[in-house]
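Colleague: The structure follows.
In the numbering used here, the protein residues as written are 1 to 113.
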């Protein structure tokens with residue numbers, strides 16, 4: 001009679017737990033992380049970055065649009081190159097749950113090569 005109250009749990013938990021973090025999931029090939037970008041109390045995974053900009057993947061929020069300038073905290077690392085601190089960027093592309101942005105100000109005093 002009340003079958004609509006029953007919920008079938010067929011959803012798989014494919015995301016990492018907080019204890020696992022990004023690095024353990026990278027080994028499984030699900031999320032490739034170079035670091036993180038934080039803004040508006042959200043934290044996003046950095047898929048790729050260089051001295052000109054970065055790509056966030058996945059980016060599933062409607063927080064930013066193309067051409068919008070925003071401030072953020074960045075913490076990324078690849079080999080000996082590290083970038084930590086606050087910076088500004090302009091969104092160049094939002095497509096397929098990915099966001100690409102170029103720096104307008106960089107955390108130069110915190111860049112290590």
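Glycine residues also receive a C-beta, built at the ideal position from the N, C-alpha and C atoms.
What does residue 74 pair with, by DSSP beta-bridge criteria?
Modeller: Within the chain shown, numbered from 1, the residue matching residue 74 stands at position 74. Partner(s): 37 and 85.
Colleague: Taking only three categories from DSSP, how would you classify residue 103?
Modeller: Translated into positions along the chain shown, residue 103 becomes position 103. Note: residue 103 maps to strand in three-state DSSP.
Colleague: Could you say which of 82, 58, 103 and 77 lies nearest to residue 42 if we only look at CA atoms?
Modeller: Translated into the one-based positions of the chain shown, residue 42 becomes position 42. Ranking 82, 58, 103 and 77 by CA distance to the CA of residue 42 puts 58 first.
Colleague: Where residue 101 and residue 80 are concerned, what is the direct C-alpha to C-alpha distance, given to the nearest angstrom?
Modeller: Within the chain shown, residue 101 is the residue found at index 101, counting from 1. Within the chain shown, residue 80 is the residue found at index 80, counting from 1. Distance between the alpha carbons of residue 101 and residue 80 is about 23 Å.
Colleague: The beta strand (DSSP E) spanning residue 45 covers which residue range?
Modeller: For the purposes of this step, residue 45 is taken as residue 45 along the chain shown, with counting starting at 1. For residue 45, the enclosing beta strand (DSSP E) has its first and last residue at 42-49.
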